[in-house]
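So my numbering is basically just the index in the sequence shown, starting at one, shifted up by 28. Ideal placement from N, C-alpha and C gives every residue a C-beta, glycine not left out. Nothing here was measured: the structure is a model prediction, and the numbers come from that model. Taking it in order: structure first as structure tokens, then the write-up.
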Amino acid sequence: MKSFVTYLFIFFTVTCFAQKDFYGKAVYQSKTSFDLEQWNNREMSEQQKKRIMERMKNMLEKTYVLQFNKSASVYKEEEKLDAPGRGGGFRFGGFSAELQYKSITEKKFLEEREFFGKKFLIEDNSEMPQWEMTGETKQIGNYLCYKATMLKKTDEFDWQNMRRRGRGRGRDRGKGEKKQDTANVKKVTDEIEIPKEVFVTAWYTPQIPVSNGPGEYWGLPGLILEINSGKTTVLCTQIVLNPKERIEIEAPTKGDKVTRKEYNKIVKKKMEEMREMWRGRRGRNSRR
Numbered sequence: 029m030k031s032f033v034t035y036l037f038i039f040f041t042v043t044c045f046a047q048k049d050f051y052g053k054a055v056y057q058s059k060t061s062f063d064l065e066q067w068n069n070r071e072m073s074e075q076q077k078k079r080i081m082e083r084m085k086n087m088l089e090k091t092y093v094l095q096f097n098k099s100a101s102v103y104k105e106e107e108k109l110d111a112p113g114r115g116g117g118f119r120f121g122g123f124s125a126e127l128q129y130k131s132i133t134e135k136k137f138l139e140e141r142e143f144f145g146k147k148f149l150i151e152d153n154s155e156m157p158q159w160e161m162t163g164e165t166k167q168i169g170n171y172l173c174y175k176a177t178m179l180k181k182t183d184e185f186d187w188q189n190m191r192r193r194g195r196g197r198g199r200d201r202g203k204g205e206k207k208q209d210t211a212n213v214k215k216v217t218d219e220i221e222i223p224k225e226v227f228v229t230a231w232y233t234p235q236i237p238v239s240n241g242p243g244e245y246w247g248l249p250g251l252i253l254e255i256n257s258g259k260t261t262v263l264c265t266q267i268v269l270n271p272k273e274r275i276e277i278e279a280p281t282k283g284d285k286v287t288r289k290e291y292n293k294i295v296k297k298k299m300e301e302m303r304e305m306w307r308g309r310r311g312r313n314s315r316r
């Protein structure tokens, strides 16, 4: 009986993926840990900390939907209403993509972003990720998954892995804390730095044989159901194969076309302008 059920499952899988119009939808939950103590310069009560973390929940916990076929995908944050009294929470405009498009066959990666009211379309040539297979397995829902790892170069404005500069060095260093290796970090501003590389763990399932996954992740012989990258975990919570409702998977066209390097240069310039403006205001206030 067990072998018969296995046969039926294999038959269904092969039939499903042999369809020319194969289409799938996967829902992912993303959660980023945040060390409030690292950024805090003053003493706060537990109630104040709790209030700040509640306001940051929209930024740290998100739901995404991946719509995919055998050759391309669209990945977008699911819109949700804020709870009454939450006040919208913190949002990092410009640091998170509104929509990400991947073409597996063309190795093309596009992102739509809005920064200070202006739309940008960032285009990258997506190189094949250098995954290392480990042979480890685990079950995620109904799917048997395999583990793969890699070291990934960080983007200059990857807010999820940003940290305060100088933390763990000099007079800020506590007992037992090691001095940070400055050769392995990028300086974002005078106050913020980011590691040059992060260790990424992926869990993928060959039961859905598409070389795709959440965000910029792809390149494995099966759909990626879980990603652990730096401080962030992305976990698939729902999969629907060949749903009745579907969108047209097309490359986005809205926004000024820029490369990643050009976009980062625009963001950095604006951040420097904002910092100078803030310093000027503080200087005027101190003279009054």
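- Task: Can you give me the start and stop residues for the beta strand (DSSP E) that residue 247 sits inside?
- Result: Counting from 1 along the sequence shown, the entry for residue 247 is found at position 219. Neither: residue 247 is in no beta strand (DSSP E) and is coded neither H nor E.
- Message: Quick check: the Cα distance between residue 331 and residue 171, rounded to an integer number of angstroms?
- Response: Residue 331 lies beyond the stretch modelled for the chain, which goes from 29 to 316, so this question has no answer here.
- Message: On the criterion of 16 or more Cβ atoms from any shown chain inside 10 Å, does residue 250 qualify as buried, or is it exposed?
- Response: Walking along the sequence shown from the start, residue 250 turns up at place 222. It counts as buried.
- Let me know if residue 307 comes out buried or exposed under the rule of 16 or more other beta-carbons within 10 Å of its beta-carbon. Position 279 of the sequence shown, counted from the start, is the residue given in the question as residue 307. Answer is exposed; the Cβ neighbour count stays below 16.
- Could you check if residue 79 is buried or exposed, using at least 16 other CB atoms within 10 Å of its CB as the buried criterion? What you label residue 79 is simply residue 51 of the sequence shown in a count that begins at 1. By the 10 Å Cβ count, residue 79 comes out exposed.
- Hey, could you find the ends of the beta strand (DSSP E) residue 161 is sitting in? Counting from one through the sequence shown, the residue named residue 161 turns up at place 133. Unbroken beta strand (DSSP E) run through residue 161: 160-168.
- Item | Identified DSSP bridge partners for residue 1 | Residue 1 lies beyond the stretch modelled for the chain, which goes from 29 to 316, so this question has no answer here.
- Item | CA nearest to the CA of residue 151, picked from 137, 103, 164 | Along the sequence shown, read from residue 1 onward, the residue named residue 151 stands at position 123. Of 137, 103, 164, the residue nearest in Cα terms is 137.
- Using the DSSP secondary-structure output, state which residues sit across from residue 231 in a beta bridge. Walking along the sequence shown from the start, residue 231 turns up at place 203. 175, 254.
- Message: Quick check: what's the CA-CA separation for residue 162 versus residue 174?
- Response: In the sequence shown, counting from the first residue as 1, residue 162 sits at position 134. In the sequence shown, counting from the first residue as 1, residue 174 sits at position 146. Linking residue 162 to residue 174 through their CA atoms gives a straight-line distance of about 8 angstroms.
- Query: Just the Cα atoms here: how many angstroms apart are residue 49 and residue 255?
  - Reply: If you number the sequence shown from 1, residue 49 lands on position 21. If you number the sequence shown from 1, residue 255 lands on position 227. About 27 angstroms.
- Measure the Cβ-Cβ separation of residue 92 and residue 107 and say whether it is below 8 angstroms. Reading the sequence shown from its first residue, position 64 is the one you call residue 92. Reading the sequence shown from its first residue, position 79 is the one you call residue 107. In this structure, residue 107 does not lie closer than 8 angstroms to residue 92 by Cβ.
- Task: Pick helix, strand or coil for residue 51, following the three-state DSSP scheme.
- Result: Start at 1 with the first residue of the sequence shown, and residue 51 comes out as number 23. Coil at residue 51, not helix or strand.
- Span separating the alpha-carbon of residue 143 from that of residue 305: Numbered from 1 along the sequence shown, position 115 holds the residue referred to as residue 143. Numbered from 1 along the sequence shown, position 277 holds the residue referred to as residue 305. Distance between the alpha carbons of residue 143 and residue 305: 18 angstroms.
- Query: Taking C-alpha atoms, which residue in 155, 262, 127 lies nearest to residue 229?
  - Reply: Working through the sequence shown from its first residue, we reach residue 229 at position 201. Looking at the Cα atoms, 262 is the closest of the given residues.
- From residue 245 to residue 300, what distance separates their C-alpha atoms? Counted from its first residue, the sequence shown places residue 245 at position 217. Counted from its first residue, the sequence shown places residue 300 at position 272. If you take the alpha carbons of residue 245 and residue 300, they lie about 31 angstroms apart.
- Query: Looking only at DSSP bridge pairs, what is residue 98 linked to?
  - Reply: Here residue 98 refers to the residue found at position 70 of the sequence shown. As computed with DSSP, residue 98 is found in no beta bridge at all.
- Item | Cutoff 7 angstroms; reference residue 90; Cβ partners in own chain excluding five residues on either side | Looking up residue 90 in the sequence shown gives position 62. Around residue 90: 58, 105.
- Item | Contact under 8 angstroms by Cβ, residue 275 with residue 128 | As a first step, residue 275 is located in the sequence shown; it is residue number 247 there, counting from the start. As a first step, residue 128 is located in the sequence shown; it is residue number 100 there, counting from the start. When the beta-carbon positions are compared, residue 275 and residue 128 stay at least 8 angstroms from each other.
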